[in-house]
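*Asks:* Just so we're aligned: 211 in numbering that gives the first Met the number 0 is position 212 of the sequence shown, and the numbers increase by one with no gaps anywhere. Glycine is no exception: its CB is placed at the ideal position from the N, C-alpha and C atoms.
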Amino acid sequence: MAINRILVALDTSTANRHILQAAITLANRLNAQLNALFIEDADLLKAAELPFVREVTYGSSSGKTMNVAGMERSIASQTARLRKLVETIAQQNQIKIPFDVLRGNVAHELCNTPGRSDLLVIGKNTLTLGKSQKIGSITRLVLSSAGCNLAVLQYGCNIERPVVVSFSGSEASQRALLLAIELAHEDHNQLIVILPAVDDVTYRQLCRMIQEKIVDQRLQVSLARLQENSAEQILSVIQQFHGRIFLVESDNTFLTQLQKQALVMQANIPVILLR
């Protein structure tokens, strides 16, 4: 499948440099155009209009009154810092990264980006500086509602290999397999394919489909057959093969929505969900 346009969503956290660098790596490997996006949170401005809302900083027992003018200045400052960060990293990598700014509800705007890109890149939990078993509320909503291909990155993770992909035979999983093949060619041609818990006849059919996709690809393919379709079993296979990036279909053919959320929560590697 062709990923020609990648959109990386930045926020106000300290993880932006890592998320942006990972997106650059992915764009380079897929020969895709990379754009950066910052959504100014309109909900913060609405909150600043309320007289009983106070801003409390970490380590402080008291807070200060919020106002719209102050919040506008704060948002403008955040936008300027991010614009400068994108310019700096683009110069360091000798590429161009257009930087767009929108204003609105962050989750809503992220869920309405299909026309802007072929792949949306977001952070899993950028406020946590280590491996996290949690995802933020915005990430959770985007996972369940985004109408586009989605890459969810753990803080500090880059796009590495070997590549692991799930395959159920659905059209989405076939697209995931083709993208995984493209990524695997840069890793000594190693590819791990996870097959669902199915009967023997279906399993053989899936194996034949995979063989047809990889013919003449010069790939070293390892197949892993699940005993049950669960996030825990998939993560176990990823760990067994030392996988560093995982591709899975975004519909419910392989995993339920809750299982996909559990997978993203527990994974400490990038997860790409494909439609």
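Quick one: what's got a C-beta closer than 6 Å to G82's C-beta in the same chain, skipping five residues either side?
*Replies:* As a first step, residue 82 is located in the sequence shown; it is residue number 83 there, counting from the start. Here the sequence assigns Arg to residue 82, which means Gly is not the residue at that position. Closer than 6 Å at the Cβ level, and outside the excluded window around R82, lie F98.
*Asks:* Assuming L178 and R160 make a contact with CB atoms under 8 Å, what is their CB distance in whole Å?
*Replies:* Counting from 1 along the sequence shown, the entry for residue 178 is found at position 179. Counting from 1 along the sequence shown, the entry for residue 160 is found at position 161. Not quite, the Cβ-Cβ distance comes to about 13 Å (not below 8 Å), so this is no contact.
*Asks:* Under the rule that 16 or more other beta-carbon atoms within 10 Å means buried, what is V163, buried or exposed?
*Replies:* To locate residue 163, count along the sequence shown from 1; it is residue 164. Buried, since its Cβ has 16 or more Cβ neighbours within 10 Å.
*Asks:* Along the chain, which unbroken stretches of the beta strand (DSSP E) at least 3 residues long are found entirely within the segment 131-161?
*Replies:* 149-152
*Asks:* Out of I134, S165 and A171, which one is the CA nearest neighbour of C147?
*Replies:* Your numbering for residue 147 matches position 148 in the sequence shown. Among I134, S165 and A171, the Cα nearest to that of C147 is on A171.
*Asks:* Is S235 close to the ligand GTP? I mean its beta-carbon at under 7 Å from any heavy atom of the ligand.
*Replies:* Among the components of this structure there are no ligands whatsoever, and the ligand GTP is therefore not found.
*Asks:* Of the choices G168, V236, L234 and R243, whose alpha-carbon is the least far from that of D250?
*Replies:* On the sequence shown, position 251 is the one that residue 250 refers to. Ranking G168, V236, L234 and R243 by Cα distance to D250 puts G168 first.
*Asks:* Taking only three categories from DSSP, how would you classify S116?
*Replies:* Start at 1 with the first residue of the sequence shown, and residue 116 comes out as number 117. Coil, per DSSP.
*Asks:* Do you know how far the Cα of I94 is from the Cα of N66?
*Replies:* Within the sequence shown, the letter at position 67 stands for residue 66. Within the sequence shown, the letter at position 95 stands for residue 94. Using only the alpha carbons, I get a separation of about 39 Å.
*Asks:* Alpha carbon to alpha carbon, how far is R217 from E248?
*Replies:* Sequence index remark: in the sequence shown, residue 217 carries index 218 (1-based). Sequence index remark: in the sequence shown, residue 248 carries index 249 (1-based). Between R217 and E248, the C-alpha separation is close to 24 Å.
*Asks:* Counting C-beta neighbours from all protein chains within 10 Å, is the total for N30 16 or more, i.e. buried, or is it exposed?
*Replies:* The count along the sequence shown starts at 1 and reaches residue 30 at position 31. With fewer than 16 other Cβ atoms within 10 Å, it is exposed.
*Asks:* Rounded to the nearest angstrom, what separates L33 and E227 at their Cα positions?
*Replies:* To locate residue 33, count along the sequence shown from 1; it is residue 34. To locate residue 227, count along the sequence shown from 1; it is residue 228. Taking the straight line from one Cα to the other gives about 37 Å.
*Asks:* Assuming the contact rule is C-beta atoms closer than 8 Å, I38 and E108 should be a hit. Round their C-beta distance to whole Å, please.
*Replies:* For this step, residue 38 is matched to residue 39 along the sequence shown. For this step, residue 108 is matched to residue 109 along the sequence shown. Rounded, the Cβ-Cβ distance is 5 Å, consistent with contact.
*Asks:* Pick helix, strand or coil for E248, following the three-state DSSP scheme.
*Replies:* Translated into the one-based positions of the sequence shown, residue 248 becomes position 249. The answer is strand: DSSP assigns E248 an E or B state.
*Asks:* Quick one: give me the first and last residue of the alpha helix (DSSP H) that I18 is part of.
*Replies:* On the sequence shown, position 19 is the one that residue 18 refers to. Residues N15 to L29.
*Asks:* Between A261 and R174, what straight-line distance do the alpha-carbon atoms span, to the nearest angstrom?
*Replies:* In the sequence shown, residue 261 corresponds to position 262, counting from 1. In the sequence shown, residue 174 corresponds to position 175, counting from 1. For A261 and R174, the distance between alpha carbons rounds to 23 Å.
*Asks:* Should the segment 255-269 be regarded as contacting the segment 133-153, the criterion being three or more beta carbon pairs within less than 8 Å?
*Replies:* yes
*Asks:* So, for T138: in the same chain, excluding its five sequence neighbours on each side, which residues have a beta-carbon less than 8 Å away from its beta-carbon?
*Replies:* Sequence index remark: in the sequence shown, residue 138 carries index 139 (1-based). Closer than 8 Å at Cβ, skipping near neighbours: I121, G122, K123, N124, V151 and V263.
*Asks:* Quick one: Cα of A89 to Cα of A21, how far?
*Replies:* One-based indexing of the sequence shown puts residue 89 at position 90. One-based indexing of the sequence shown puts residue 21 at position 22. Spanning the two alpha carbons is a distance of roughly 13 Å.
*Asks:* Flag this pair as yes or no: are the beta carbons of Q232 and L225 separated by less than 8 Å?
*Replies:* On the sequence shown, residue 232 is found 233 positions in, with the first residue counted as 1. On the sequence shown, residue 225 is found 226 positions in, with the first residue counted as 1. Their beta carbons are under 8 Å apart, which means Q232 touches L225 by this criterion.
*Asks:* Using the Cα positions of A41 and R115, report the straight-line distance between them to the nearest angstrom.
*Replies:* Taking the first residue of the sequence shown as position 1, residue 41 is located at position 42. Taking the first residue of the sequence shown as position 1, residue 115 is located at position 116. Those two C-alpha atoms are separated by around 21 Å.
*Asks:* My output table needs one value for D40: the three-state DSSP class, helix, strand or coil.
*Replies:* Residue 40 sits at position 41 when you count from the first residue of the sequence shown. Strand.
*Asks:* Let me know if T87 comes out buried or exposed under the rule of 16 or more other beta-carbons within 10 Å of its beta-carbon.
*Replies:* Translated into positions along the sequence shown, residue 87 becomes position 88. Exposed, by the Cβ-count rule.
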